Every structure is written in C-alpha cells, then in structure tokens.
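Trainee:
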Amino acid sequence: MESKATLGSIQKAVWAGKLPLHITLAPSESRTFDQTDPYLISCPRISYLPSLLPRLRAFFASSLIDPSSRPHEGWFSFEGVPLKWHYPVGLLYDLYAGADPASKGGAETDLLSTTDEDPLPWRLVVHFSDWPDEELVRLDAEGIVMHDAFINSVKEADFLRNGTAKGIMTLSREDSAGLWESWTFQTSSEYPTFSYHPSHNRSATFLSGSFSPSPQTLTRPLSK
Numbered sequence: 001m002e003s004k005a006t007l008g009s010i011q012k013a014v015w016a017g018k019l020p021l022h023i024t025l026a027p028s029e030s031r032t033f034d035q036t037d038p039y040l041i042s043c044p045r046i047s048y049l050p051s052l053l054p055r056l057r058a059f060f061a062s063s064l065i066d067p068s069s070r071p072h073e074g075w076f077s078f079e080g081v082p083l084k085w086h087y088p089v090g091l092l093y094d095l096y097a098g099a100d101p102a103s104k105g106g107a108e109t110d111l112l113s114t115t116d117e118d119p120l121p122w123r124l125v126v127h128f129s130d131w132p133d134e135e136l137v138r139l140d141a142e143g144i145v146m147h148d149a150f151i152n153s154v155k156e157a158d159f160l161r162n163g164t165a166k167g168i169m170t171l172s173r174e175d176s177a178g179l180w181e182s183w184t185f186q187t188s189s190e191y192p193t194f195s196y197h198p199s200h201n202r203s204a205t206f207l208s209g210s211f212s213p214s215p216q217t218l219t220r221p222l223s224k
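For what it's worth, UniProt numbering labels the leading residue of the sequence shown as 1, then goes sequentially.
#1: So, using beta-carbon positions, are Ala36 and Val125 closer together than 7 angstroms?
#2: As a quick exercise: from Tyr87, Asp94 and Trp122, pick the residue whose alpha carbon is nearest that of Ser153.
#3: Determine the direct distance from the alpha carbon of Ala157 to that of Ala16, and round the result to whole angstroms.
#4: For the alpha helix (DSSP H) containing Leu53, name the first residue and the last one.
#5: For Val154, which of helix, strand or coil comes out of DSSP?
#6: Do Trp122 and Ala97 come within 7 angstroms of each other at the CB atom, strictly closer than that value?
#7: Which two residues bound the contiguous beta strand (DSSP E) that contains Lys84?
#8: Buried or exposed for Ala177, going by 16 or more other Cβ atoms inside 10 Å?
#9: Look up Ser30 in the DSSP assignment and give the residues it is bridged to.
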C-alpha cells in the first residue's frame, strides 16, 4: 500500500513539474530587432516545445518581418543551438542548462528575473524561418510528425520497462489518441489505461495512469 502511495506521489510530482520559460523572437526575424517583448510561460516539464508554437506565432505576429510564416515552421534554440523538439522540455533543460541542480534555485524563480547567472527562467529563442534541416526533422501543419514521434518514444519506454512494446502497439486508435491528448493538454486524469497478457507469463502486465510496477518472478541463477 505504501509503495503504491509512493508511486502515486512520484507520478503527481513528475506530472506537475513545471519550468519557467522566457522566449524571445529571433532578432533577424523581428521588425524591432531585439526590442520585441518576450513571451513568459510556466511550461510543464513533460510537454514538448512544438505545443507552444501556435500561441507564440500569434503573440509575435505583429513583430514578424515575414507575416506568411506558419506555426509548424517554428523551431527553438538555446545559445545558438537548435533544440530537438522530440525531447520533453524538462529533459532539454537538464541537458543544456540544468547540469548542476543544487545551484539552480527553486521552482518559484521570478519569471521576470534578469540576472545573467540565474538559469531560470530558461531563455529560449523561437525562429519561424531558416529551418536547420541538418539538425531537426521538419514538423507538419497537421501535427502528425509530432504525434508519431511521441508514440514511438512511448513504445521504446514500454519495451524498456516490460521487455516488449506490445502494450502500446495493441492500443486502439481511440486510446492512442487519448494518450496523446492527455499528454498534450496535461490531463492526467484522462490518461488511458490498458493491460495485456504476455504468452510467457500468466500474470498481466499493466501500464496505467498509476504506473503500477510490473509483476516480476524471481528465479535462481543457473549453475554449472
């Protein structure tokens, strides 16, 4: 019971984790160069940067030199480095700016902080032109590329956790869509659940919103 409660609290903490972002429009694409107001947001760590593109395109619309650019043409950079959009926001931060968490301050850091030594809010630049084809796969207007990348990452996680990706691969279209929507809109209560029964094991393996651990059978090591 205690382990389930612990897992539940960990899940809630992971799901609720947020990261303050300070996003500016690339000066080369702005009518006012580097004088454009930044976009400030507290972003879920488990979300993906492309989910911000529609609102960023609308926010910077009046400042864009090229008004014909579209949301899915947007990409992000940090200190000149294009950020892989298929990585969660929290992972990107940890890789590029969060190497020493003990010295980074708390999650309540002021979004308007301007101290150069303070890594929060995380300062990113959004671009709507000059897509870096050598570093990033292009997005599409329908969001299919982003959806497929997410589902593939879940398949990998399922395989690492259970030794098979059957659980994800046998999801119905409705459940697959529900999984993606729950992640996109951060509605953990709607996280779809499912189970499957591997042929080599009588115990069911569950992958659910509670992230209950998979049943394991202990066996003695073989000896000569």
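Every residue gets a Cβ at the ideal spot worked out from N, C-alpha and C, and that includes glycine. Given the structure is predicted, the values throughout are model-derived calculations rather than measurements.
Mentor: Checking against the coordinates, here is how it stands:
#1: Here the question's residue 36 lines up with position 36 in the sequence shown. Here the question's residue 125 lines up with position 125 in the sequence shown. First, the amino acid is wrong: residue 36 is Thr here, not Ala. Contact: no.
#2: Reading the sequence shown from its first residue, position 153 is the one you call residue 153. Checking every option, the nearest Cα to that of Ser153 belongs to Tyr87.
#3: The residue given as residue 16 occupies position 16 in the sequence shown. The residue given as residue 157 occupies position 157 in the sequence shown. The C-alpha of Ala16 lies about 20 angstroms from the C-alpha of Ala157.
#4: As a first step, residue 53 must be located in the sequence shown, where it is residue number 53. First-last of the alpha helix (DSSP H) with Leu53: Leu53 to Phe59.
#5: As a working note, residue 154 is residue 154 in the sequence shown. Three-state DSSP puts Val154 in a helix.
#6: Taking the first residue of the sequence shown as 1, we reach residue 97 at position 97. Taking the first residue of the sequence shown as 1, we reach residue 122 at position 122. Taking 7 angstroms as the Cβ cut-off, Ala97 and Trp122 qualify as a contacting pair.
#7: Here the question's residue 84 lines up with position 84 in the sequence shown. Taken as a continuous stretch (DSSP letters only), Lys84 belongs to no beta strand (DSSP E), as it is neither H nor E.
#8: Here residue 177 refers to the residue found at position 177 when the sequence shown is read from its first residue. Classification of Ala177: exposed, given that the 10 Å Cβ count is below 16.
#9: Sequence index remark: in the sequence shown, residue 30 carries index 30 (1-based). Ser30 pairs with Leu64.
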